[in-house]
Each structure stands twice: as C-alpha cells, then as structure tokens.
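Numbering that gives the first Met the number 0 numbers the first residue of the sequence shown as 0 and each following residue consecutively. Working notes, beginning with the structure itself.
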Amino acid sequence: MCGIAGFLATGNARPGRELLWRMGGTMACRGPDASGEWLSADGKTGLSHRRLSILDLTEAGAQPMGRGDGSSVLSYNGEVYNFREIREELKKKWHAFRSDSDTEVILAACREWGVEGAVSRFIGMFAFALWDGRAGKLFLVRDRLGIKPLFTARAPGLFLFASTLKPFLECPSFSREVDRAALQYYLEFQYVPSPHSIFRDARKVPPGHIVEVSPDGTESQRAYWDLSSHGGQREGRSRTEGETIEELSSLLASSIRYRMISDVPLGAFLSGGIDSSLTVAVMQKAASLPVKTFSIGFTEKGYDESGFAREIARHIGTDHRAKVCTPAEALALVRKIPDAYDEPFADSSAIPTMLVSEFTRQHVTVSLSGDGGDELFCGYPRYEWVRHGHAAQRIPGFLRRPLCSLLSRVPIRTVRRGAESIRDDDPAQMYFHLVGVIQGELLKELLPEVADDSNLPFFRTFRDDRWGGAVERAMATDIRTYLVDDILAKVDRASMAYSLEARVPLLDHRVVEFAARLPMACKVRGGHTKYLLRKVLYGLVPRKLLERPKMGFGIPVNRWLRNELRPLLSEYLGEERIRREGFLLPRGVSRLVEEHLSGRRDHQYRLWALLVFGMWRERYLS
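Next up, the structure:
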C-alpha cells in the first residue's frame with residue numbers, strides 16, 4: 000500500500016520537484032518506508048510516490064519506476080496478486096525483469112498489451128498513474144471495485160491527481176471552495192458519494208475506469224469493467240447446491256491464497272462474524288503456522304464482540320490477540336477523524352476501525368479483512384425491509400400511508416425508518432429513505448439551498464432494471480455507492496493512518512462476478528442471510544459458534560453526544576459559529592441539538608454528521 004500524486008502542466012506553469020515533494024509529504028503515513036519523485040525533461044509532467052514496502056523490499060522496487068528506455072514511468076498504489084503468472088507470460092514475449100515487484104510487471108504489461116489489455120488481466124487492488132512518453136499521455140487507472148482511492152483535480156494551468164485530497168492543498172492555486180451539492184449529499188449519506196468530492200474542483204475516479212489525459216489537459220474516461228454485465232447472467236438451475244458451494248469454496252481459497260503473498264508479517268482482522276470468520280478459517284487452512292488474528296472490544300455493554308472472536312480463534316487455532324478499549328481511548332480519536340479522512344466522513348465505525356488498525360499494526364504490516372460479504376450475499380437487515388416494502392407497495396396508498404404514520408411513532412429506529420420508507424411509491428426513494436440520514440424537510444431546515452439529487456449514481460443504479468428485483472437492485476446500489484465510498488474508504492483511510500495494508504479477499508473480482516450471477520435463493524434461505532457463505536463456513540467452524548444476531552461495528556454515539564462529547568457539540572455546533580461559517584442554517588442545527596440533549600428525540604447520526612463536518616471545516620478551511 001502506498002500513496003501516489005502528481006501533475007500535468009497544461010499551461011505555462013512548471014511547478015517542479017518541490018511541489019511533488021510537498022504532495023508526497025502529505026501522505027507519509029501511506030508510505031513511511033521511502034519516497035520518490037520523477038519530473039519529465041520539459042518539466043510539464045511529474046509523479047510522486049510514498050512507499051510502504053510489502054513485496055521486494057529492495058531498492059529495485061522503488062517508485063516512480065520507469066522503463067529502461069525512458070518511454071514510460073509508473074507511480075502505483077496497491078497489489079496485483081497474480082503478478083508472478085503475468086511475469087512468466089511476459090518473459091515468453093522477451094520481457095526482462097530486474098526486480099521481484101509487481102510494479103515492474105505492470106509497466107511491462109501495459110507496454111505489451113496496452114493499459115486496458117493489461118488491467119483486464121490483473122487480480123488485485125490498485126490505483127496507478129502511468130506516463131506514456133510515446134503517446135504523450137497520462138493514464139490514471141482505478142481497480143474494479145474501488146478498493147484503492149484515486150482523485151483528480153484542476154487548478155489554473157494544472158491537472159492534478161492523488162490517492163487522497165491532501166496533496167491538492169499543497170498546490171497554491173488549487174481552490175478550497177466547498178462543493179455545496181457535495182455537502183448536501185454528505186448530509187444525506189454520511190459520506191461524499193462518487194464522483195463528487197467535498198471540494199468543487201476535485202473528483203473521484205470511478206471504480207473500474209481509466210482516465211486518459213492529453214498534454215493540453217483534455218481528459219476522457221472509460222470503463223474497463225462493469226458489474227452490470229455480469230449481474231444479469233443468472234446461474235442456471237442445472238447446477239446442484241453442492242457444486243455451487245464447491246465452486247465458491249475454490250474461488251475463496253484462490254483469492255485468500257493470493258492475498259497471503261507478502262514479504263512482511265501478515266495477519267487478519269477477526270470480529271467473530273460470518274465474513275471475518277470465513278476469511279480467517281480459509282487462511283488458517285492454507286497456512287503452515289497459526290495465523291495472527293486481531294480483534295477489539297469495548298468495556299461498554301452491547302459493543303463488545305471480542306468474546307465471540309476469541310471462541311472462533313480458539314476453534315480455528317489462530318494466534319489471537321484482543322484488546323478491550325475504554326471509552327477514553329475511543330473518544331481520544333474523535334478529533335483525529337479529519338486528519339485520517341480528508342473529506343467529511345460520518346460513519347462512526349471509523350473509530351473502532353482506527354483502533355483495530357492501530358492495534359494490529361503493532362504486530363503485522365498486512366491484514367486481511369472480511370469486508371464485502373454483506374453487499375455480495377444479502378447480509379444487511381435493510382434488504383429484508385426492501386422486500387417487505389416492495390410487497391407493501393401493493394397496498395393502496397390511502398391505506399398504506401395511515402399505517403406508516405402509526406408505525407413511525409414506534410420508539411424503535413429501524414421500525415420508524417422502515418415505516419417512513421414505504422410511504423413512497425417510488426422504490427428508489429423507498430431505499431433512499433432506508434439508508435439516508437438527513438432528508439426531505441429536515442435538509443431544507445439545515446441548508447440554504449437544496450440541489451436535485453435524482454441523477455446521483457445511487458438512483459441511477461437502483462432504477463436500472465438489468466439488476467432484477469428490488470432487493471437485487473438495492474444490493475447493486477450498495478456495491479456501487481455505499482461499499483466504495485463508505486466501507487472501503489473507511490478501511491483504507493483507517494488502516495493507512497497507521498501504515499497498515501488492508502486486503503479484502505471477498506472483493507476479488509472473480510468472487511464478485513460469481514456472486515452477481517447467483518440466484519437470490521443462494522443468498523437468503525430459511526430466514527438466513529448469506530446462505531452460501533454460511534454453508535462454506537459451516538464446513539470449517541461449528542454452527543453453534545456463529546448463530547447469533549448480527550452486530551454492527553459501532554460506538555455508543557447516542558450516549559456520548561449527551562455526555563462526553565457534549566462540549567464538542569457546543570464548540571462546533573453553537574448558533575453563532577454556525578451563522579459565521581455560513582454553510583448551515585443555525586435554527587435547524589440548534590433544534591436538533593436541543594431535542595437530542597433533552598432526550599425528546601434521537602438525532603445521534605444527524606448530529607454526528609454535523610459535528611464531523613464542523614471539525615473537518617476547522618481543519619481544512621480555517
């Protein structure tokens with residue numbers, strides 16, 4: 000795992016190596032082992048790199064890496080796990096190699112097959128910038144699922160790119176103007192959805208895309224992979240359940256073996272849930288020594304899964320370490336969120352993810368994670384609400400809406416949100432109400448202007464009939480939005496804050512494509528979600544160790560906001576400060592704070608989003 004950055008001068012500006020050095024310096028935690036810069040002879044193009052050494056720890060793997068003839072230069076973040084097979088294929092085509100790094104393989108592959116032909120062969124997670132001197136073009140590439148981040152930006156006379164937003168702030172001419180529509184989307188979703196960024200002049204490169212930039216700064220963008228081309232190809236009924244389980248087991252074993260390739264110490268996060276337990280069980284089966292596993296818990300009741308993880312680890316036979324964190328340890332990280340996440344990010348599980356990353360990094364440099372199972376195999380409880388909501392839409396509106404009004408008074412958050420969602424006749428809006436945080440009239444109370452959000456990828460994906468029924472469309476929407484911009488962003492930023500590489504074997508594109516072709520009966524059956532994953536896991540771990548309600552990886556935000564974090568609410572959400580900053584409407588913010596602190600309403604997720612934005616604004620705009 001590393002950090003990349005760079006520029007292409009489209010006017011008379013020649014920023015030089017100093018800008019490259021400063022841009023790279025903002026990402027020292029992503030690459031603490033080495034740094035490097037490359038500047039073209041004419042000074043128009045520059046690449047910067049920060050290295051976290053994982054494969055080929057010698058200088059031969061240093062970046063930016065160029066071909067011997069100087070025709071192309073690469074700055075790359077991530078891992079191409081099947082690089083050895085590709086290298087052997089390239090050797091047969093008379094390519095010579097001087098290192099054992101995947102970086103050199105990427106360079107040769109792009110030379111041999113072109114950028115798109117090369118990335119179509121890669122199994123891995125990656126974001127890279129390739130300067131092709133022969134074509135006179137800069138190519139930016141992001142992996143299929145968006146595991147690795149990649150941003151682009153514009154400043155007068157400059158095209159910029161980087162792994163995070165911080166490097167752009169080192170360019171004096173880059174505008175820090177906030178994209179007001181992106182702020183609205185952040186309040187709606189708790190994260191800024193692609194392709195937007197919080198800054199007006201910066202964008203996220205979509206997953207599975209190649210950006211081609213000409214010397215004059217003209218850019219074109221094309222997809223080289225799209226899950227929708229696999230989602231409609233349902234598996235035929237001729238395959239038996241046993242054969243399906245066997246194929247999934249084989250894919251997972253291959254994916255996990257690839258992700259165990261490392262020249263530095265390696266382990267895994269283990270929460271004790273289905274996804275992490277399956278990942279670790281397959282790892283241990285492939286390993287010759289006990290796998291190092293890590294979990295955290297909290298002293299607060301209802302927020303500690305570490306006991307479950309310990310039982311799973313004992314059965315599998317891992318070398319397990321657990322840490323039980325105090326509220327003080329978690330609270331100490333609250334003010335650090337803006338540094339780790341350089342745009343507003345209000346998923347409160349960022350804090351336990353940072354804690355487990357910090358703890359894990361004390362022992363290993365690479366950790367496997369179980370992320371992705373919920374989106375691929377229908378694991379979230381909200382998918383059940385989608386199914387019920389789809390059925391409820393058959394009830395005439397004049398009967399359905401009074402029922403919704405009645406259910407919305409139930410003092411259980413999930414019931415209230417479910418009731419609010421099925422008021423809508425539009426299935427996409429129904430799902431939006433299930434997953435959104437600040438919406439409708441409340442949004443108008445908080446923002447001076449509210450933009451039309453109907454063209455966001457969230458709505459476009461849900462309304463795409465190629466995915467099938469409402470539940471399938473909800474899952475596809477999550478893969479394209481929530482998974483990329485919340486789950487994967489959370490894990491990347493939290494792990495990189497401590498120079499830890501996180502790998503996600505369930506998101507191997509071969510597993511993702513396989514899951515997309517499965518019928519719903521392979522994902523939900525007999526009241527059990529993730530049916531097929533469970534069947535594979537039950538062959539490795541006793542069912543009794545896993546049969547329990549799903550637990551989130553959260554923190555007690557509700558109570559903290561009324562107690563330990565109350566001074567922060569006063570500091571960042573005070574009426575005078577809100578009025579002075581001009582992003583939010585003071586009256587709406589004050590109402591939420593007063594209702595929550597008095598106990599009349601639970602606004603924990605809304606206030607957390609507003610608080611995180613306030614801290615971010617102070618860090619980056621003051």
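Virtual Cβ for every residue (Gly too), placed ideally from N, Cα, C. Remember, it's a predicted structure, so these values are computed and weren't measured experimentally.
Taking L505 and L375 to be in contact with their CB atoms under 8 Å, please state how far apart those CB atoms are, rounded to whole angstroms.
7 Å
Please state whether the Cβ-Cβ distance between L51 and C1 is less than 8 Å.
yes
Whole-number beta carbon distance between L544 and L606, since they are thought to touch under 8 Å
Not confirmed; about 37 Å, so no contact.
Can you check the stretch 300-377 for any alpha helix (DSSP H) of at least 4 residues that lies completely inside it and give the ranges in chain order?
305-315, 326-330, 336-339, 349-360, 372-376
Rounded straight-line distance, which links the Cα of E310 to that of R83:
37 Å
Beta-carbon within less than 6 Å of S100's beta-carbon, same chain only, minus the 5 sequence neighbours each way: which residues are those?
L54, D55, G60
Confirm, please, whether the CB-CB distance from A126 to L642 is below 8 Å.
Lying before the first or after the last residue shown, residue 642 is absent from the chain, which here runs from 0 to 621.
Cβ atoms of R21 and G42: under 8 Å apart, would you say?
no
With 16 other CB atoms within 10 Å as the buried threshold, where does R623 fall?
With the chain represented from 0 up to 621, any question about residue 623 goes unanswered, as that position is not in the structure.
Exposure of R459, with buried meaning 16 or more beta-carbon neighbours within 10 Å
exposed
Cβ contact (3+ pairs, closer than 8 Å) linking the stretch 277-294 and the stretch 519-526
no
Indicate whether the contact test is met: 3 or more Cβ pairs, each with one atom in the stretch 136-156 and one in the stretch 605-620, closer than 8 Å.
no
Expressed to the nearest angstrom, what Euclidean distance is found between the alpha-carbon atoms of G235 and L531?
In this predicted model, G235 has a pLDDT of only 49, less than 50, meaning its place in the structure is not dependable enough to derive any value.
Between the C-alpha atoms of P166 and I3, what's the straight-line distance to the nearest angstrom?
9 Å
How far does the alpha helix (DSSP H) with G613 in it extend, from its first residue to its last?
603-620
Residue from T44, S253, Y302, G316 whose Cα sits closest to the Cα of I122:
S253
Going by DSSP in three states, C28 sits in which element: helix, strand or coil?
coil
Report the rounded CA-to-CA distance for E570 versus R576, giving the unit in angstroms.
8 Å
For N562, count the other beta carbons within 10 Å of its own beta carbon; 16 or more makes it buried, fewer makes it exposed. Which is it?
exposed
Looking at the strands, I want to know which residues DSSP matches up with L157.
A8, A154
Which residue or residues does DSSP assign as beta-bridge partners of W20?
W20 is not bridged to any residue.
Measure the C-alpha to C-alpha separation of V79 and C170 and round it to an integer number of angstroms.
31 Å
In whole angstroms, what separates the C-alpha of Q276 from that of R175?
Strictly speaking, residue 276 in this sequence is Ser, with Gln absent from that position. Rounded to the nearest angstrom, the two C-alpha atoms are 43 Å apart.
Could you tell me which residues DSSP pairs with V639 in its beta bridges?
Outside the shown range of the chain (0 to 621) lies residue 639, about which nothing can therefore be said.
Here's the rule I'm using: 16 or more other beta-carbon atoms within 10 Å means buried, otherwise exposed. How should R509 be labelled?
exposed
Applying the criterion that 16 or more other CB atoms from any shown protein chain within 10 Å of the CB defines a buried residue, is A331 buried or exposed?
exposed
Leaving out the 5 sequence neighbours to the left and right, which residues in its chain are closer than 8 Å to E111 when beta-carbon positions are compared?
L89, K92, H94, A117
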